[in-house]
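Protein chains in written order, with the working numbering: chain D, 1 to 237; chain G, 238 to 474. Just so it is clear, CB atoms sit at the ideal spot from N, CA and C, and this is done for glycine as well. Read the structure below first, then the notes.
2 protein chains.
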Amino acid sequence: MGRRRVAQAKGSDTSPTQLRANVHASHGVTEKRVRILQAGMRVFARNGFQRTSVETVAIAAGVSKQTVYNHFGDKKGLITAVVSTAADPLAEEFDTILGSTLADCTDLRANFEDFGRRWVRLLLGPDTSALRWVMLAESESQPELLAAWGEVSQEGALRQIAGRIERLTQIGQLDVPDAWRAARQLRALLLGEAERVSAFGRVALREEEIHELVASGIDIFLRAYAPAGKTNPPHPQ
Amino acid sequence: MGRRRVAQAKGSDTSPTQLRANVHASHGVTEKRVRILQAGMRVFARNGFQRTSVETVAIAAGVSKQTVYNHFGDKKGLITAVVSTAADPLAEEFDTILGSTLADCTDLRANFEDFGRRWVRLLLGPDTSALRWVMLAESESQPELLAAWGEVSQEGALRQIAGRIERLTQIGQLDVPDAWRAARQLRALLLGEAERVSAFGRVALREEEIHELVASGIDIFLRAYAPAGKTNPPHPQ
DNA sequence: TTTGGATTGGACCGTCTAGTCCAAACGCTA
DNA sequence: TAGCGTTTGGACTAGACGGTCCAATCCAAA
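Now the structure itself:
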């Protein structure tokens, strides 16, 4: 703990562009740190936490091993930093998704499918699936890692979804006797199936797989919960 | 010419089981082997494959390390033997379950719930959840391990379930337009949710959790697919 | 009793890795 | 230019682990 530590300064800048050419130019304080985090993400996602040595990360980052230890203390600190850096934008993104879907609307099916696709993409898309797998696989040693990540698929997200379902029921667009249960069912249909198809995050889902999978889940969901009067149009494709 | 030396366990030893040519008396030959397998199951399930040394297994089995190597060649062989020993009864058990459920019957809901509970119990009950977790977590190094195990939750089982659903549709007890898709939905509702609740096999499911989870899954399934005429009685509880 | 495979204990090797330590080099800023 | 914090490379410790080798021993069958 007593190690000197550079300022936390966790910028929300996750700009895709990396490898800025300026070797020493602009204020190198956080630069090394960012490079280590990015390299860690790459190499951890590919090889797993346990099977990746600190030195490997250092080399991948073009940095000495000692620098890694200077910044993150020990391997556990490095892993934690990498994971939380990756998981940070997720909750926010989930709110964004929910902000524009599952509301009162004209085409309920299209709306739910849109939500489902974006939710699945968020958790199992190309950017996140590998790291998600690693976290799942090795969370035994660090269970707290899954907390931040899981937030967007756990109780917090579920509560919000249940709220939306309840409101849709109140305005007559759905006929759901138990919103909480329905939210869990929806998660199972979307994320459960997505996780299986993606081998629990080991392979990224293709867009067409996401489409089919979400269409299937939303179909049974609306078949079960669309009001009797509503037509519940089957997918036109 | 050396002594016995179970020579070159490396490459050529791809034979699944060395099938001890039981040169010896009936009892002693397999006894050590069985003890090693049982100990391996215990200790692997608790600590994982990678973090458990061969010597640990040997000690837990009350056997010398060399004996383990004599029987299984190397660590990979040991793991494979342990897993397949555990997974062996699963497929058979699934057939048993399916043999007595999802057939023509009077109470469809009770029948489906019975099937669901037994399926979930088979894959995530107290006996199997720990080992399942370990397999899932460490299948990166040995993907083939999941094959035998996954058989009861993968395509094979799914095909059988789809067959049952199709027949039930033909005799008018269900109204399912796409049996294959419905089978996948059923799996997501039952196993997907069960896996999440059990933290992907890390903790065994309690019987009441299984009950609630299966009741929920079957409820939406029948709500979606019960024929319009059928009453589809909600769970009396 | 002899025989020979099965078993044992333990030394041993090579490799990998987390983490430490340090002196020299570097680069920014006063 | 001098000072000061960061970085670097590399040597080093300590421990874990897979796997091998071997001499001694056990034990049931012939």
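### Query
Roughly how many angstroms separate the alpha carbons of residue 181/D and residue 161/D, rounded to a whole number?
11 Å
### Query
Per DSSP, what kind of secondary structure is residue 260/G in: helix, strand or coil?
Model confidence at residue 260/G stands at a pLDDT of 35, short of 50, so the residue's coordinates are unreliable; what they give is reported in the following sentence. DSSP places residue 260/G in coil when its eight states are reduced to three.
### Task
Have a look at residue 63/D and residue 36/D and give me their C-alpha separation to the nearest angstrom.
8 Å
### Message
What does the Cβ neighbour count give for residue 432/G, buried or exposed, with the cut at 16 atoms within 10 Å?
### Response
buried
### Task
For chain G, find out if any of its Cβ atoms is closer than 8 Å to the Cβ of residue 90/D; answer yes or no.
no
### Query
Any chance the region 121-137 of chain D sits against the region 68-77 of chain D, with 3 or more Cβ pairs inside 8 Å?
no
#### Entry: Separation of residue 425/G from residue 224/D, as counted between CA atoms
15 Å
### Task
Examine chain G for any beta-carbon lying closer than 8 Å to the beta-carbon of residue 53/D, and answer yes or no.
no
### Message
Using the three-state DSSP reduction, which class does residue 154/D fall into: helix, strand or coil?
### Response
coil
### Query
Is the CB-CB distance between residue 420/G and residue 395/G below 8 Å?
yes
### Query
Given a threshold of 16 other Cβ atoms within 10 Å of its Cβ, counted over all protein chains shown, does residue 99/D qualify as buried or as exposed?
exposed
### Task
State the DSSP-derived secondary structure class of residue 245/D, mapped to helix, strand or coil.
A query on residue 245/D cannot be resolved here, the shown segment of chain D reaching from 1 to 237 and no further.
### Message
Against chain D, with Cβ distances strictly below 8 Å, would residue 430/G count as a contact?
### Response
yes
### Message
On the criterion of 16 or more Cβ atoms from any shown chain inside 10 Å, does residue 113/D qualify as buried, or is it exposed?
### Response
buried
### Message
For residue 189/D, would you say it is in contact with chain G, using Cβ-to-Cβ distances shorter than 8 Å as the test?
### Response
yes
### Query
Hey, how far is the Cα of residue 115/D from the Cα of residue 212/D?
14 Å
### Task
Determine which residues of the region 213-227 of chain D have a Cβ less than 9 Å from any Cβ of chain G, and write them out in chain order.
213, 216, 217, 219, 220, 221, 222, 223, 224, 225
### Query
In or out: residue 217/D buried (at least 16 other Cβ within 10 Å) or exposed?
buried
### Query
Say the cut is 7 Å; is the CB of residue 311/G nearer than that to a heavy atom of the ligand ADP?
With respect to small molecules bound, the structure shown includes none, and the ligand ADP cannot be examined in it.
### Task
Starting from residue 287/G, find everything on chain D with Cβ-Cβ shorter than 9 Å and list it in chain order.
50, 51
### Task
Taking residue 279/G as the query, report the chain D residues whose CB atoms sit under 8 Å from its CB, ordered along the chain.
Correct list: empty, because the minimum Cβ distance to chain D is about 17 Å.
### Query
Helix, strand or coil: which one does DSSP assign to residue 10/D?
The predicted model places residue 10/D with a pLDDT of 32, which falls under 50 and marks its position as unreliable, so this point remains unresolved.
### Query
In chain order, what residues of the same chain have a beta carbon less than 6 Å from the beta carbon of residue 457/G, not counting five sequence neighbours either side?
none
### Query
Quick one, which of 65/D, 101/D, 122/D has its alpha-carbon nearest residue 207/D's?
122/D
### Message
With the cut-off set at 8 Å, would you say residue 204/D and residue 77/D are in Cβ contact?
### Response
no
### Query
Helix, strand or coil: how does DSSP classify residue 441/G here?
coil
### Query
Between residue 46/D and residue 88/D, what straight-line distance do the alpha-carbon atoms span, to the nearest angstrom?
20 Å
### Message
Less than 8 Å between the C-beta atoms of residue 227/D and residue 186/D, yes or no?
### Response
no
### Task
Would you mind reading off the limits of the alpha helix (DSSP H) that contains residue 366/G?
366-375
#### Entry: Reference residue 330/G, options 365/G, 317/G, 344/G, closest by Cα
365/G
### Query
Any idea what DSSP makes of residue 54/D, helix, strand or coil?
helix
### Same chain only: Cβ atoms within 8 Å of residue 172/D, ignoring 5 sequence neighbours per side
227
### Query
At a CB-CB cut-off below 8 Å, which residues of chain D make contact with residue 374/G?
136, 137, 138, 140
### Task
Pick out whichever of 447/G, 427/G, 434/G, 338/G has its Cα sitting closest to the Cα of residue 404/G.
338/G
### Query
In this structure, does DSSP put residue 351/G in helix, strand or coil?
helix
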